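Here is the structure we will look at.
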Amino acid sequence: MRNTKAFKEATAETLAELARRGLSVRPGTVEDVIEERVTAVAQQLGIQVRSAWTYFNAAALADAIAKQYREAGEGGGDDPVGQAPMPPVDNPELALILAGVPDMLVESGGDLYNVILNVAVNAWMAGHIHGEDGCEGCEGARGDAGHDWSARMATITSLRPDITRWFDRSVWTDALHDSGFSVERR
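Numbering (the numbering used here), first residue to last: 6 to 191.
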């Protein structure tokens, strides 16, 4: 489907409509939505996909996508799922995760996927540990360290006394360049 003229035109029209609405959305995301919607129309109506294009409306799709972005930005919508709070800017564990990125790039030979995976897993674990104070299912799961998040932060802080420097973008960027790698947009 994605190699057809109709699909390419639909993607271009939808991206243009989104731009008119002041939204910049990754083309791959728009392509995924278009493919899903056109396939669904074809299946619901019992017609071939090429016939389902007559029901495609780029402006209406752009309106729907824009509405989703607005609701996500406002924290609104019908979905009751919350959003995890950002840690404070001086969070020592976050500083350690940030500080580890240049080293991880060197260790992995510049494998950005591996670095992102490492950061995601560390952030996931840090978030869980922070939430363990109220997690009854985690009782006894962390051994002697217990569930005292404040004590954990104090321990990390004692290991890395200069944590605030990692929240300075220029310090982090310099460390990244010192590793021999950089991230550039194509």
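No residue lacks a Cβ here, since even glycine has one placed at the ideal position from N, Cα and C. The model shown is predicted, which means the values in this text are computed figures rather than measured ones.
### Query
Helix, strand or coil: how does DSSP classify GLY87 here?
Reliability fails at GLY87, whose pLDDT of 46 lies under 50, so the model's placement of it is uncertain and no value is given.
### Range covered by the alpha helix (DSSP H) that runs through ILE52
Unbroken run through ILE52: none, as it is neither H nor E.
### Message
Rounded to the nearest angstrom, what separates ALA24 and GLN49 at their Cα positions?
### Response
30 Å
### Query
What number of angstroms, rounded off, separates the C-alpha of GLN88 from the C-alpha of GLU98?
At GLN88, the pLDDT of 48 sits below 50, so the modelled position is not reliable and the matter cannot be decided from this model.
### Task
Answer yes or no: do MET6 and VAL38 have a C-beta to C-beta separation smaller than 8 Å?
no
### Message
Can you look up GLY105 in the DSSP assignment and give me helix, strand or coil?
### Response
helix
### Task
Just tell me which of SER113, ARG42, VAL176 and MET158 has its CA closest to the CA of ILE70.
ARG42
### Query
Going by alpha carbons, who is nearest to GLU36 out of LEU66, GLN73, ASN96 and LEU103?
LEU66
### Message
Measuring only the C-alpha atoms, how far is ALA17 from VAL106?
### Response
36 Å
### Message
Taking the alpha carbon of THR44 as the reference point, which residue from LEU28, PRO32 and PHE61 has its own alpha carbon closest?
### Response
PHE61
### Message
Please confirm whether GLU98 has its beta-carbon closer than 8 Å to some beta-carbon of chain D.
### Response
Here there is only one protein chain, and chain D is not present.
### Query
How far does the alpha helix (DSSP H) with GLU22 in it reach, from first residue to last?
10 to 25
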